[in-house]
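Quick notes on the structure that follows.
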Amino acid sequence: MNTIQDRFLETASAIGSRLCRDAIWDCDRCNWLGASMELLFKNWTLTQRTFGPDLYGGTSGIALFLAQLYQVTQEKLYRMTAEGAMRQALSRLEDVSPEFSSGFYSGFTGIAYASIRLGEIFGNQDWIERGLHMLEERGMEDLSQQRLDVATGIAGAIPVLISVHQRYRRDVLAGVTIRFGKHLLETVIKSDIGWSWSTLKETNNNQQPNLTGFSHGAAGIAWVLLELYRKTHYEPCRVAAEEGFRYEQHWFSPEHGNWPDLRHYQATTTNANPALGYSTAWCHGAPGIGLSRLRAYEISGKEEYRQEAEAALRTTVKMLQQSTIAQENYSLCHGIAGNAELLIYASRVLKNTDYKSIAEQVGLRGIERYEKNRIPWPCGVLGAGETPNLMLGLAGIGYFYLRLYDSVVNPPVVIILPEEDLSTVGKLPTDNNRRDRNDKLK
C-alpha cells in the first residue's frame, strides 16, 4: 500500500511526465506553449506564447523542477527534458530585460542558479562555470537602473550569491554581494514609522506608501539584509533589517491578522482613513511575510519575530482550510502551494510537525480534486487553466509535491537559504568577530 510520501512523489512524477510530453523540441533545445499575462497597450492581457529564459515563468524554472525530479527518481526522460529546457534558456539570454537583469526570479541570477544546480545534479561542469560566470558579471551592473526588490531586483540576488559563494568561494561573488547590499542601504527611505524602499515604479501616485510584503516590499529586503548581516557582521545591515520589519509592523492589522497590500492604496483611498485591501499569498500578504519572520527568528532568536511569524501562520492556515474549489489556484506565487510552503518551513523552524501535517493535507486535497480525477490543475494565470512554468504553473506545483516528499533534498525556491544546517536558533555573531569584519561594507 502506498504511503502518503509515495503519493506525493507519484503526483510530482505525473506532472513531470506531462511537461515532458508537452515539450516542443528544436534539435537539442525545448520550450513550451502556455498561458501568460502580457502588458499590451497599458493593459494586462491573457495570451498564449512560448516562454523566455527566466526562472519565474521561463524554461530555466521548468528545467530546475525536472532536474530535482530526476535526482529523486533517476528517470532519464526528466533529465533529457531538463537539459533541453536549460539549453533553451542559455540560448536566449538576450531576452532578459536590462531593468530586471540582476533579479533572481526575473533575471540572470535565477538562470545562473538553475544552471549551477543542473550542473551539480548532472555532473556538468560547463553549466556550473556558466552559472558562476553569470553571477560574477552582475558586478558590472549599473545599479541605478536595477530594481531593488526580491522578485525582480538586486535583493533577490543576494541570498543566491551568499549560497553559491559558500560552495565555490569565488572572491568576485563576495564583492558583488557587498556591492548590492551597500546599494540597498543607500536607497533606504527612513521615516518615523520605520524604513522602507521604493519598489513600485509603475505608479505616479505621490501618496503611494512603500510596499509591505516579501516579493516586492519591505519584508523581503529586510530579510535579505539580515542574511547579509549574518554573513558580514556589518551592523548597519542589522539596523536596516530591523527598521524594515518595524515599518511593516506599523501597517499590521490585528483585525485581519495581516499586512495590507499597498499596491491598491490609490484606488481605495477616499479619505483620511482609507479602506485597505489584504492579500494572502507568497508575493503579497501574510504567507510571504511569515517566511521573512521565520527566517529572522531562525537567525536572531528574537521572540517578536516568532510572534509575527505565528500571526502570519494563523492567517495562512485559516486561508488554506477555508478555500473553496472556486477560489483555488495551486501556484507558488499567489496560490495554495506557495502559501503551504510557509507551513513546511515553519515545521522545521518552530519544531512543530502540526504545520507539516496541514501542508500535507493541502497536498492530498489537490491530489483528490485534480490529479485523481484528471482535471487540469488551477494555476496562477487566472482563468487560463494549466500553464507549464515554475511560479505560476505546473512546474511549481510539481515542485511543491517534491517538497512534501522530501524537503531536505528539494530546497525551497520561494526563499533561498544558506547551505549549512540552520536548525539552531539564535546564533548571531559575537562582539569580537563582529568588530573584526565590520570594515567589509565600508
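Mapping the sequence shown onto the numbering used here, position 379 (from 1) lands on 364, and the numbers just tick up by one. Where a beta carbon is used, it is the ideal one built from N, C-alpha and C, also for glycine.
Beta-carbon proximity list for residue i, same chain, < 6 Å, skipping 5 on both sides
| i | result |
| --- | --- |
| HIS168 | LEU128 |
| TRP244 | THR197, GLU233, TRP236, PHE237 and ILE274 |
| CYS268 | SER200, CYS318 and HIS319 |
| SER45 | PRO38, ALA74, ILE96 and ALA99 |
| ALA252 | With a pLDDT of 49 at ALA252, under the threshold of 50, the modelled position of this residue cannot be trusted; read the value that follows with caution. For ALA252, where only same-chain residues beyond five positions count, there are no Cβ hits under 6 Å. |
Range of the contiguous beta strand (DSSP E) that encloses residue i
| i | result |
| --- | --- |
| ASN16 | 14 to 16 |
| LYS175 | 174 to 176 |
| SER87 | Careful: SER87 lies outside any beta strand (DSSP E) and carries neither H nor E. |
| ASP11 | 9 to 11 |
Beta-carbon separation (whole angstroms), residue i vs residue j, contact threshold 8 Å
| i | j | result |
| --- | --- | --- |
| ALA380 | ILE47 | 4 Å |
| LEU375 | PHE50 | 6 Å |
| SER87 | THR94 | 6 Å |
| GLU283 | VAL334 | 5 Å |
| GLY116 | GLY124 | So it is not a contact: roughly 15 Å between Cβ atoms. |
| LEU170 | PRO221 | 6 Å |
| LEU40 | PHE89 | 7 Å |
| ASN195 | ALA203 | 7 Å |
| ARG14 | SER76 | 6 Å |
| VAL57 | VAL394 | 7 Å |
Contact set for residue i: own chain, Cβ-Cβ below 8 Å, skip 5 residues either direction
| i | result |
| --- | --- |
| ARG34 | LEU18, GLY19, SER21 and GLU23 |
| HIS241 | TYR263 and THR300 |
| ARG152 | GLU404 |
| TYR63 | GLY1, CYS5, LEU51, ALA52, LEU54 and TYR55 |
| ARG452 | Summary: the structure shown does not reach residue 452, with the chain confined to residues -14 through 427, and so no result is reported for it. |
| LEU158 | LEU117, LEU120, GLU121, LEU146, VAL149 and HIS150 |
| LEU349 | ILE(-11) and ARG(-8) |
| ASN337 | ALA331 |
| THR179 | Here residue 179 is Gly; the residue named in the question, Thr, does not match the sequence. Contacts found: ALA203, GLU228, GLY229, PHE230, ARG231, TYR232, GLU233, GLN234 and HIS235. |
| THR172 | LEU133, TRP182 and SER183 |
Continuous alpha helix (DSSP H) stretch holding residue i: start and end
| i | result |
| --- | --- |
| ILE274 | 271 to 285 |
| SER76 | 61 to 76 |
| LEU349 | 338 to 351 |
| LEU335 | Where LEU335 is concerned, there is no enclosing alpha helix (DSSP H), given that its DSSP letter is neither H nor E. |
| VAL145 | 139 to 153 |
| ARG428 | With the chain covering only -14 through 427, there is no way to say anything about residue 428. |
| GLN56 | 44 to 58 |
| TYR315 | Run containing TYR315: none; DSSP gives neither H nor E here. |
| TYR386 | 379 to 390 |
| ASP111 | 110 to 122 |
Residue-level contact to chain D via CB, residue i, 7 Å cutoff
| i | result |
| --- | --- |
| GLY138 | Although the question refers to chain D, the structure presented lacks it and comprises just one protein chain. |
Own chain, CB closer than 7 Å to residue i, minus 5 neighbours either side, in chain order
| i | result |
| --- | --- |
| ALA(-3) | LEU54, GLY383, TYR386, LEU387 and TYR390 |
| LEU377 | GLY42, SER316, CYS318, CYS364, GLY365 and VAL366 |
| LEU279 | ALA294, TYR330, ALA331 and VAL334 |
| GLU428 | Residue 428 lies beyond the residue range present for the chain, which begins at -14 and ends at 427; the question has no answer from this structure. |
| ARG155 | LEU117 and GLU121 |
| GLU371 | PRO361, TRP362, CYS364, GLY378 and LEU379 |
| GLU345 | ILE(-11) and LEU389 |
| ILE113 | ILE101, GLY104 and GLU105 |
| VAL347 | LEU305, ILE321 and ALA325 |
| TYR214 | CYS222, ARG223 and ALA226 |
| ALA(-1) | GLU356 |
| LYS216 | ILE147 |
One or two residues paired with residue i in a DSSP bridge
| i | result |
| --- | --- |
| THR217 | In the DSSP output, where bridge partners are listed per residue, THR217 has none listed. |
| MET304 | None; MET304 has no bridge partner. |
| MET22 | LEU31 |
| SER181 | ILE174 |
| THR265 | GLY270 |
| ASN324 | Note: ASN324 sits in no beta bridge, so no partner. |
| ASN243 | SER238 |
Cβ pair count under 8 Å reaching 3, the stretch 272 to 283 against the stretch 319 to 327: In the pairwise beta carbon analysis, the stretch 272 to 283 is classified as touching the stretch 319 to 327: at least three pairs are separated by under 8 Å.
If you pair each beta-carbon of the stretch 66 to 82 with each one of the stretch 384 to 400, do three or more pairs fall below 8 Å? Because the criterion of three Cβ pairs below 8 Å is not met, the stretch 66 to 82 and the stretch 384 to 400 do not touch.
How about the stretch 378 to 395 and the stretch -10 to 9: do they share at least three Cβ pairs that are nearer than 8 Å? Under the 8 Å Cβ criterion, the stretch 378 to 395 counts as touching the stretch -10 to 9, having at least three qualifying pairs.
Could you check whether the stretch 207 to 222 touches the stretch 130 to 145, counting it as contact only if at least three pairs of C-beta atoms, one from each stretch, sit closer than 8 Å? Counting C-beta pairs with one atom in each stretch, the stretch 207 to 222 and the stretch 130 to 145 have three or more that are closer than 8 Å, which means they touch.
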